[in-house]
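One structure is given here, and the rest of the page talks about it.
Residue numbers (my numbering): 17 to 298.
As structure tokens, this is what we get:
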């Protein structure tokens, strides 16, 4: 995994000292690479031992290995930039467009750096072999949940999604070990998502979580976790990068399901399209 992405993903779980070191490294990576442990300690107002411990916290044997990995990643970042993508009052429309474009590009890059392909493959197999598929998601996470529900229904999978959280909980009474739950929650803390998952786990169903890479109730409940980049605060202006990442996960799952039986699913998609065409004006 990209070193700077690894730092961002683990940032919320770092100690206060390590967060301070992380902030300095992320804001001036070139400067850090030119420093010794003693130089960095003086600049960051900490100890050289803390700098070395920071590298080991991220899984490196020492500072030298950490700096080598960081330098390699930096050389690859010709088209991936760390820019301030938060809008400001002085931004003109051109700057706004550039910031959104950069946000999407960086999010896409980070998602595929983070994505565990083995877990993705297992999740696809689980969905293909499930008797029923239950989708969960509220707020902004409702969008990928409902999009996946729509995609699965079009190819005649037994998919279920309820907008009403109380109804969703009621219907989880009928979940069995032959079923699969796909739960979307960026925070992993939404009770409307975790409570049905608790019911599903008790009944032996498989649970696929699409959530940020951080400890959470949802992560504890899931059999399989598809992480999205942890780039947004839980209190935010709007779900942008998290929504984009979650929708991409939906596309990957859906394409994986239909890949080997594309002709059969193509016929179903054509037939459903023909039906909908009757609702459109000539």
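Backbone N, C-alpha and C fix where the C-beta goes; we use that ideal spot for every residue, glycine too.
(request) Put residue 179 into one of helix, strand or coil per three-state DSSP. (result) Looking at residue 179 - three-state DSSP - the assignment turns out to be coil, as it is neither helix nor strand.
(request) Go through its chain and collect everything with a Cβ distance to residue 233's Cβ below 8 Å, but skip five positions before and after it. (result) 204, 205 and 210
(request) Specify whether the segment 38-48 and the segment 254-268 touch according to this definition: at least 3 beta carbon pairs, one from each stretch, less than 8 Å apart. (result) no
(message) Can you confirm whether the segment 225-232 touches the segment 174-184 when touching is taken to mean that 3 or more C-beta pairs between the two stretches lie within less than 8 Å?
(response) Contact annotation: the segment 174-184 does not touch the segment 225-232, with fewer than three C-beta pairs closer than 8 Å.
(request) Give the DSSP bridge partners of residue 242, in chain order. (result) 226
(request) Jot down the residue ranges of each uninterrupted beta strand (DSSP E) in the segment 122-172, minimum 3 residues, whole runs only, in chain order. (result) 149-152
(request) Taking only the alpha-carbon atoms, compute the straight-line gap between residue 159 and residue 153 and give it to the nearest angstrom. (result) 8 Å
(request) Tell me whether residue 191 sits in a helix, a strand or coil according to DSSP, three-state version. (result) coil
(message) What does the alpha-carbon distance come out to for the pair residue 286 and residue 173?
(response) The C-alpha of residue 173 is placed about 16 Å away from the C-alpha of residue 286.
(request) Compute the Euclidean distance between the alpha carbons of residue 226 and residue 104, then round it to the nearest angstrom. (result) Their Cα atoms are separated by approximately 30 Å.
(request) Mind reading off the beta-carbon distance from residue 200 to residue 175? Whole number of angstroms is fine, and I expect it under 8 Å. (result) About 14 Å; that fails the 8 Å criterion.
(message) On the DSSP bridge list, what partners appear for residue 196?
(response) 149 and 222
(request) Could you pull out every residue in the same chain whose Cβ sits closer than 7 Å to the Cβ of residue 19, ignoring the five residues on either side in sequence? (result) 85, 86 and 89
(request) Indicate the three-state DSSP secondary structure (helix, strand or coil) for residue 22 in the structure shown. (result) Helix.
(message) Please return the same chain residues whose Cβ sits closer than 6 Å to the Cβ of residue 151, not counting the five positions on each side in sequence.
(response) 161, 164, 165, 177 and 198
(message) Can you look up residue 61 in the DSSP assignment and give me helix, strand or coil?
(response) coil
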